[in-house]
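*Asks:*
Residue numbers (this note's numbering): 420 to 474.
Laid out in structure tokens, this is it:
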């Protein structure tokens with residue numbers, strides 16, 4: 420999946436997509452991956468950028 424799909428998450432609000440991707444990979448009856456495999460796919464297909472200056 421992650422060889423052909425990458426999701427760019429800009430700022431904090433879309434970061435909920437990480438949890439949703441995990442939920443889909445773990446709970447969807449057509450997928451039912453184990454935690455480590457789901458986490459590996461999620462890490463490889465999510466990119467995060469935040470331009471907010473932090474102290």
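Yeah, the Cβ is synthetic: ideal placement off N, Cα and C, and Gly gets one too.
Between the C-alpha atoms of residue 430 and residue 448, what's the straight-line distance to the nearest angstrom?
*Replies:* Cα-Cα distance, rounded: 31 Å.
*Asks:* How is residue 431 classed by DSSP in three states: helix, strand or coil?
*Replies:* Reduced to three states, the DSSP call for residue 431 is coil.
*Asks:* For my contact list, residue 436 and residue 420 are in at a C-beta cut-off of 8 Å; report their separation, rounded to the angstrom.
*Replies:* Actually they do not touch by this definition, with Cβ atoms about 14 Å apart.
*Asks:* Can you tell me where the alpha helix (DSSP H) with residue 468 in it begins and where it stops?
*Replies:* Not the alpha helix (DSSP H): residue 468 falls in the beta strand (DSSP E), residues 465-468.
*Asks:* From residue 446 to residue 462, what does the alpha carbon distance come to, in whole angstroms?
*Replies:* Roughly 18 Å separates the two Cα atoms.
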